[in-house]
Amino acid sequence: MPSGTLIFAVLVVGVTVMGFLAARWGGANLGNLDEWALGGRRFGTLVSWFLLGGDLYTAYTFIAVPALVYGAGAIGFFAVPYATIAYPIAFVVLSRFWGVAHRRGYVTAADFVRDRFGDRTLEIAVALTGVAAALPYIALQLVGMRAVFAQIGGAFAASGGFLALGVAFVLLAAYTYTSGLRAPALIAFVKDTLIYVTVIAAITIIPAKLGGWAHIFSLSQSALATRAKPASILLAPQQYFAYATWAFGSSLSLFIYPHSITSVLAAKSRGVIRRNAALLPIYSLLLGFLALLGFCGIAAGIETTNTSSVVPTLIDRFFPSWFAGVAQAAIVIGALVPAAIMAIGSANLFASNVLAGFAPTRGNGSASTAKLLTLAFCAIALVLVLVVPVQYAIYFQLLGGAWMLQIFPPFVFGMYTRWFHPKALLLGWACGMLSATAMAFATHFTPNIALHLGGATIVGFLALYALAINLCVATLGTWALRSLRVDAGIDMTTEADYA
Amino acid sequence: MRKRAWYALLVLPFVGTLFPQLYNRAEPALFGLPFFYWYQLAWVILTTLLLAVVVYATRRPDDA
């Protein structure tokens, strides 16, 4: 067995053992939902930093962002402003959400929406949106893992990597079932350390071997210009609006994904969230350097239409075998951590907000339904990867991001105002979901769409256009319903809950 | 409530990054990186610093 494969196997087996042992962390009763799903809401600044970093910056992110830069040039760098401005937003919105969730014992965003608007249908809509957005995201983590298994070869690549994938995922489901959020929280320390080591090594070694950044960019510029679909190392002026709206729209949805909310609610204080908003951009710097690896891929002469293979190929080509093992383990473990949190987040939504009905399970309730649902969601994601072509998983994930943004009015605006009528929010949500889906089909699942206004054509991020439609409908609907004096439901929260 | 004014600092990252016409050029390069790239990476660091200032200036006794 090559040294790299050995190191890879040891690391992956090691974190699996950690996943099971995490159940003993703190000696808590894991039959309780707060303990199982949110680690007892006791995580401090350091644990939360690793957990949120491990959660938001997934293996898929680390493969897809350089792949996009490799394929499309400068516009792929939108991920950097996206992952920058997400934090001022998180700082303001999430510290407020943490406060109200802490006082009222919420486990999900939909718990808040139910309490605030007193509307069961709106609660279910918000919960199902989260689940629908999270499922393809879990599936994509599996896709990233399979790419690594295929590259390692041997037993790992048996039956197209599906065997190793199946084993890894059954183990993931098993320790998530037993240990809950404590498992990914503990494994995140290993994941992030490996990711930092790998990226720092890649960013020092690879550009040096390719003759420095100036050379890499000049090679990239000429290679991109001669592509069938020409691109550049700088934006074209007509891309400005798409670049800005793509970054802005994505930054709005990052923190309302179920896995983000789950990690945020596991923090022990509001201060932990505030400090992490300032500390998490360190990961964005890492993401920025990784994005630049896309240009290294071009300069190294990698020719592929499967852009996801760019990073694994670079690792294989420029690193000695043993270090390639470390990097491959970083990617696989980087997929396991967010997959576990996404499964927990979706299970919480489904158990507390869809199934629980009018007698909702609060944090002090039993975790048994959520635990079983975690197994179900892992199984669905695995089946998705086995039967659905990868391209559809990517399409579905993109669409999921646009859907996720549609809960912004009830969830985020809802934290600041009760002016909106719940039925108008529901109608706005439905219009946002439908228009996002229609636009995604119209663009063949590319994120930006051309809008023809008068004589001008404006290309922008479709999820943000859908949000604009959603907001217009919610606003007009609220005016109409309020003037007709339709019952606006009961608000269970009080001003003091938000302080 | 004067503390609230500190939050205005958080508008700067949006202005700095969401108008590509401000920074979409190659020169001046830094370590071979075109301006477009290092400028946006610099905003990651600047945003961290701005957030640190606001976190500190608006902290409350219960933010332990």
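Chains B and G are the protein sequences, given in the same order. Residue 8 is where the first sequence starts when you use our numbering, and the numbers rise one by one after that. Residue -19 is where the second sequence starts when you use our numbering, and the numbers rise one by one after that. Note that beta-carbon positions come from the ideal geometry of N, C-alpha and C, so glycine has one too.
- Bounds of the beta strand (DSSP E) holding residue 467 of chain B are 463 to 468.
- A straight-line Cα-Cα distance of about 41 Å links residue 9 of chain G and residue 19 of chain B.
- Shown here for residue 12 of chain B: same chain residues with a beta carbon closer than 7 Å to its own, the five before and five after excluded, namely 159, 161, 332 in chain order.
- Between residue 183 of chain B and residue 347 of chain B, the C-beta spacing is below 7 Å.
- Rounded to the nearest angstrom, the gap between the Cα atoms of residue 422 of chain B and residue 35 of chain B is 32 Å.
- For the options B/339, B/29, B/293, B/503, the alpha carbon positioned closest to that of residue 203 of chain B is the one of B/293.
- At a cut-off of 7 Å between beta-carbon atoms, residue -5 of chain G makes no contact with chain B.
- Closer than 8 Å at the C-beta level to chain G, one finds these residues of the segment 273 to 290 of chain B: 276, 277, 278, 281, 282, 284, 285, 286, 288, 289.
- Across the set G/43, G/28, G/40, G/3, the C-alpha of G/3 shows the shortest separation from the C-alpha of residue 242 of chain B.
- With contact defined as three or more Cβ pairs closer than 8 Å, the segment 338 to 347 of chain B and the segment 65 to 78 of chain B are in contact.
- Within the segment 92 to 108 of chain B, 92, 94, 95, 98, 99 place their CB atoms closer than 8 Å to a CB of chain G, listed in sequence order.
- When beta bridges are read from the DSSP output, residue 50 of chain B appears opposite B/274.
- Counted as a single uninterrupted DSSP element, the alpha helix (DSSP H) harbouring residue 29 of chain G occupies residues 15 to 37.
- In this structure, the beta-carbon distance from residue -6 of chain G to residue 92 of chain B falls below 7 Å.
- Across the set B/274, B/486, B/381, B/446, the C-alpha of B/446 shows the shortest separation from the C-alpha of residue 467 of chain B.
- Rounded to the nearest angstrom, the gap between the Cα atoms of residue 37 of chain B and residue 378 of chain B is 10 Å.
- By the rule that beta-carbons nearer than 7 Å mark a contact, residue 2 of chain G does not touch chain B.
- Contacts between residue 254 of chain B and chain G, judged by CB atoms closer than 9 Å, involve -3, -2 in chain order.
- The beta carbon of residue 58 of chain B sits closer than 6 Å to those of 192, 195, 270, all from its chain and outside the five residues before and after it, given in chain order.
- According to DSSP, residue pairing for residue 186 of chain B in a beta bridge does not occur.
- The beta-carbon separation of residue 54 of chain B and residue 291 of chain B, rounded to 20 Å, does not stay under the 8 Å limit for a contact.
- Between residue 95 of chain B and residue -10 of chain G, the gap from beta carbon to beta carbon is short of 7 Å.
- Residue 488 of chain B carries a helical assignment under DSSP once its states are collapsed to helix, strand and coil.
- A straight-line Cα-Cα distance of about 7 Å links residue 413 of chain B and residue 440 of chain B.
- A residue is called buried when at least 16 other Cβ atoms come within 10 angstroms of its Cβ; residue 41 of chain G does not meet this threshold and is exposed.
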